[in-house]
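Everything below concerns the one structure shown next.
Following this line, the structure appears as structure tokens:
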């Protein structure tokens, strides 16, 4: 499974956030400056266009870039799940009862599985590496507190994925989780796509 590089995801997500009307090229260049040069953005847009992830139109003399509906939907669900996880885990700081904490962690594990399964079936090349970076931040903040329930539930989840969708998909999800957990503990910033040697070049 190939993942989009971080700079490709940055551009694509900015375009998606503009909604169905898209964004002008000049606006996109402003949003991505100074991280990306005009030349880099144009090259990325070319790759995304020929991958059918964006559409490019002329609107009153201005070039307008529009993310595909599937891309916008994927980003929408990503933001929804990020908000849900953040809200759920924010409860941990106010809970002292051991059983209540365990309930929250179990709910987190279930939510995590839903997040990953959605990403597996909806633009995984965009969604999964973004989710890995988000989870890395979560695990960095919470430390070992989240690991036991996630690991216990993860094994069953990955076995079901392998049984019904195949070894490749199961391995891809396992890599995402290990990358997030491993990076939070070791400080390694290698992305899942870099770890696997599989990068989408557009």
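In our numbering, the protein residues as written are 25 to 226. Glycine included, C-beta positions come from ideal geometry on N, C-alpha and C. If you're wondering where the values come from, they're calculated on a predicted model, not measured in any experiment.
Between the stretch 89-109 and the stretch 121-129 there are fewer than three inter-stretch CB-CB distances shorter than 8 Å, so the stretches are not counted as touching. Here the alpha carbons of residue 198 and residue 152 stand approximately 11 Å from one another. Look at residue 147 here: in three-state DSSP terms it is coil, with no helix or strand label. Beyond the five residues adjoining it in sequence on each side, residue 204 comes within less than 7 Å, by CB distance, of 156, 159, 160, 163 in the same chain, given in chain order. Between residue 75 and residue 113, the alpha-carbon positions lie close to 36 Å from each other. A straight line joining the alpha-carbon of residue 184 with that of residue 106 spans about 24 Å.
When secondary structure is reduced to three states using DSSP, residue 120 falls in the coil class, being assigned neither helix nor strand. The beta carbon of residue 88 sits closer than 6 Å to those of 46, 48, 81, all from its chain and outside the five residues before and after it, given in chain order.
For residue 89, the enclosing beta strand (DSSP E) begins and ends at 86-91.
Here the alpha carbons of residue 138 and residue 104 stand approximately 12 Å from one another. The beta strand (DSSP E) runs lying completely inside the stretch 29-67 and spanning 3 residues or more number zero. Looking at the DSSP output, residue 82 sits in a beta bridge with 87. The beta carbon of residue 134 sits closer than 6 Å to none of the beta carbons in its chain outside the five residues before and after it.
Assignment of beta-bridge partners to residue 132 by DSSP yields no partner.
Closest option to residue 50, judged by alpha-carbon separation, among 44, 39, 43: 39. The Cβ-Cβ distance between residue 144 and residue 109 does not fall below 9 Å.
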